[in-house]
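What follows is a single structure, written as structure tokens, with notes after it.
Residue numbers (our numbering): 180 to 281.
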């Protein structure tokens with residue numbers, strides 16, 4: 180089942196990450212244009228930086244880790260604005276926690 184996780188070699192390029200994300204979190208046949216139409220730069224939603232570890236981290240610094248930005252206490256599973264994107268971040272974080280525990 181490890182092939183379904185976004186780690187190691189799968190982070191070798193931005194296209195790999197985007198394709199993986201689209202395949203895992205959107206219905207089959209969803210286009211990038213449809214995904215983009217749901218997004219809004221005016222919304223203050225959390226952002227996940229997927230560089231978890233290793234030489235592919237930003238700045239080629241193997242000690243940098245991934246993380247979430249713009250996470251506020253009022254954000255939770257019931258947040259209505261942009262709920263689809265929020266669910267995506269929650270799922271990704273839950274998967275990260277599962278991997279971290281292993």
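Every residue gets a Cβ at the ideal spot worked out from N, C-alpha and C, and that includes glycine.
Whole-number beta carbon distance between residue j and residue i, since they are thought to touch under 8 Å
| i | j | result |
| --- | --- | --- |
| residue 204 | residue 270 | 7 Å |
Boundaries (first-last residue) of the alpha helix (DSSP H) holding residue i
| i | result |
| --- | --- |
| residue 212 | 211-217 |
Distance CB(residue i)-CB(residue j) smaller than 9 Å
| i | j | result |
| --- | --- | --- |
| residue 211 | residue 202 | no |
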